[in-house]
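Notes to accompany the following structure.
2 protein chains.
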Amino acid sequence: MSPPPADRAAQGEALSRAVWDVLAQQGLEKLTVRAVAAAAGCTTGLVMHRFPNRRALLLHARQLLHDTTRQRVEALEAAATSPREALRAVLRQCMATDPETITWSVVWVGFLAAAVADAELTDMHRRNNRAWRQRVERLVAAAAPDWPVDQVGAVALGLIAMTEGVAALAAADPAAYPADQQERMLDAALSAYGLSC
Amino acid sequence: MSPPPADRAAQGEALSRAVWDVLAQQGLEKLTVRAVAAAAGCTTGLVMHRFPNRRALLLHARQLLHDTTRQRVEALEAAATSPREALRAVLRQCMATDPETITWSVVWVGFLAAAVADAELTDMHRRNNRAWRQRVERLVAAAAPDWPVDQVGAVALGLIAMTEGVAALAAADPAAYPADQQERMLDAALSAYGLSC
DNA sequence: ATGTTACCGTAACGCTTGTTACCGAGTCTC
DNA sequence: GAGACTCGGTAACAAGCGTTACGGTAACAT
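From first to last, the protein sequence lines stand for chains A and B.
The first sequence begins at 384 in our numbering and counts up by one.
The second sequence begins at 384 in our numbering and counts up by one.
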């Protein structure tokens with residue numbers, strides 16, 4: 384007999400996707416084991432055989448969300464032809480400009496709210512967010528090599544907060560924050576900071 | 384006999400404060416009627432006599448939170464001596480720079496996550512947020528009277544998203560986002576947009 | 001003084017939750 | 001082919017949830 388680890392990982396990924404779906408469509412209060420199982424098309428038995436408890440399921444889904452976004456960001460960064468284009472591309476995908484990224488942003492807000500009650504979820508968020516911040520600071524420094532460190536930090540923080548904030552706002556009210564307004568906002572900010580491509 | 388409506392309102396306010404406390408300290412998942420009653424120092428009987436159900440309690444707390452912030456913002460705006468100072472003061476109090484505003488931001492994120500599952504909570508958020516956005520657009524237009532409309536909109540959106548975003552980030556990781564860094568971020572943005580006082 | 005009424009705590013209801021125990025079906029080993 | 005083992009579904013459990021019904025108490029009106 385062989386417990387193929389590939390299937391286990393694939394099932395864990397499918398269940399994490401089910402966690403995202405429930406979180407995005409039904410909210411944090413309805414994020415139950417039964418709802419996740421229904422979204423994944425299986426029973427609660429499979430869920431509880433794959434994860435020791437509900438918390439472990441949420442933590443895995445959270446970590447997988449972060450890993451996925453990190454890979455996407457790294458691909459964008461590698462594909463860019465200049466530091467400023469890399470910065471813009473990376474920040475652009477952070478906003479909520481289409482149904483998929485809107486869903487992601489809803490899930491992100493959900494995990495953020497869930498982190499209030501869960502120390503490990505909080506730690507996860509902080510680790511991921513600090514890494515994300517360092518990445519953007521590095522990109523800003525590369526896009527403006529002659530800036531002093533504190534200016535790099537202040538501008539990077541402004542850009543991070545702006546994109547993360549508009550993603551949350553667009554997630555809660557997509558009609559009021561269409562994609563083109565978010566793009567114009569980003570371009571206006573990059574232009575004001577002197578970081579236009 | 385007289386059912387004094389002042390006491391009723393005061394009790395509703397106290398219960399709403401209890402809702403905020405529970406939401407900030409225990410998170411959305413632990414926001415139960417019993418937890419609210421315990422935080423308010425009463426029993427669930429009083430809560431359910433004051434509000435028809437749990438949802439009404441949350442909606443009232445949400446609306447009261449908005450009304451309170453609106454009054455505070457209007458006072459700041461009225462006390463400012465110039466349009467640019469008004470803009471800066473209003474944006475500054477939106478961030479999470481001290482324990483009180485950090486708590487408010489945690490509560491804000493909690494309500495935002497709860498709005499995913501509740502249409503009325505969503506509507507409330509959209510109404511409040513659109514009014515907030517119009518206010519900032521008006522302040523930006525007053526601070527830069529010669530700007531075209533779309534530039535006013537893009538800059539106002541950038542400022543709103545930035546302050547709201549940094550408030551959420553600071554709420555989740557206060558140590559990484561101290562008050563002075565948020566202030567520097569705001570000043571750097573206002574300066575870059577050409578809106579310094 | 002007494003009946004009435006509003007107020008609010010107590011206790012219970014039905015329901016949903018996370019979690020556990022059990023059990024059948026399929027699969028690999030020898 | 002028989003047996004052991006893994007997988008996953010079913011059903012049950014206790015606990016906690018929102019909500020409801022009931023009872024006692026205090027204040028008012030007459």
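From the three backbone atoms N, C-alpha and C, an ideal C-beta is built for every residue, glycine too.
A straight-line Cα-Cα distance of about 7 Å links residue 397 of chain B and residue 423 of chain B. Contact annotation, residue 495 of chain A with residue 492 of chain B: C-beta distance approximately 6 Å; criterion of less than 8 Å satisfied. At a beta-carbon threshold of 7 Å, the residues of chain A lying near residue 545 of chain B are 541, 544, 545, 548, ordered along the chain. Straight-line spacing of the CA atoms in residue 522 of chain B and residue 455 of chain B works out to 16 Å. Around the CB of residue 512 of chain A, 16 or more other CB atoms lie within 10 Å, so the residue is classed as buried. The beta-carbon of residue 428 of chain A is placed no less than 8 Å from the nearest beta-carbon of chain B. Beyond the five residues adjoining it in sequence on each side, residue 420 of chain B comes within less than 6 Å, by CB distance, of 426, 427, 430 in the same chain, given in chain order. Among the CB atoms of chain A, none fall inside 8 Å of the CB of residue 436 of chain B. In the DSSP assignment, residue 564 of chain B falls within the unbroken alpha helix (DSSP H) covering 562 to 576. About 15 Å separates the CB atoms of residue 399 of chain A and residue 432 of chain A; that is not less than 8 Å, and the two are not in contact. Listed in chain order, the non-local C-beta contacts of residue 505 of chain A below 7 Å within the same chain comprise 498, local neighbours out to five positions each way being set aside. Secondary structure of residue 414 of chain A (DSSP, three-state): coil. In the three-state reduction of the DSSP assignment, residue 434 of chain B falls in the coil class, being assigned neither a helical nor a strand state. Contact check for residue 565 of chain B against residue 554 of chain B fails: the beta carbons are separated by 8 Å or more. When secondary structure is reduced to three states using DSSP, residue 507 of chain A falls in the helix class. The beta carbon of residue 410 of chain A falls within 8 Å of a beta carbon belonging to chain B, placing the residue at that interface. CA-CA distance, residue 578 of chain B to residue 416 of chain B, rounds to 46 Å. From the beta-carbon of residue 575 of chain A, the residues of chain B found nearer than 7 Å are 575, 576.
Between residue 580 of chain A and residue 467 of chain A, the C-beta spacing is below 8 Å. Residues of the region 505 to 517 of chain A with a Cβ closer than 9 Å to any Cβ of chain B, in chain order: 505, 508, 509, 512, 513, 516. Annotation: Cβ neighbours of residue 564 of chain B in chain A (cutoff 9 Å, chain order): 536, 537, 540. Within chain B, no residue has its beta carbon less than 9 Å from that of residue 532 of chain A; the closest one is some 12 Å off. B:450 is the residue among B:450, B:542, B:517 whose C-alpha sits nearest the C-alpha of residue 507 of chain B.
Secondary structure of residue 446 of chain A (DSSP, three-state): helix.
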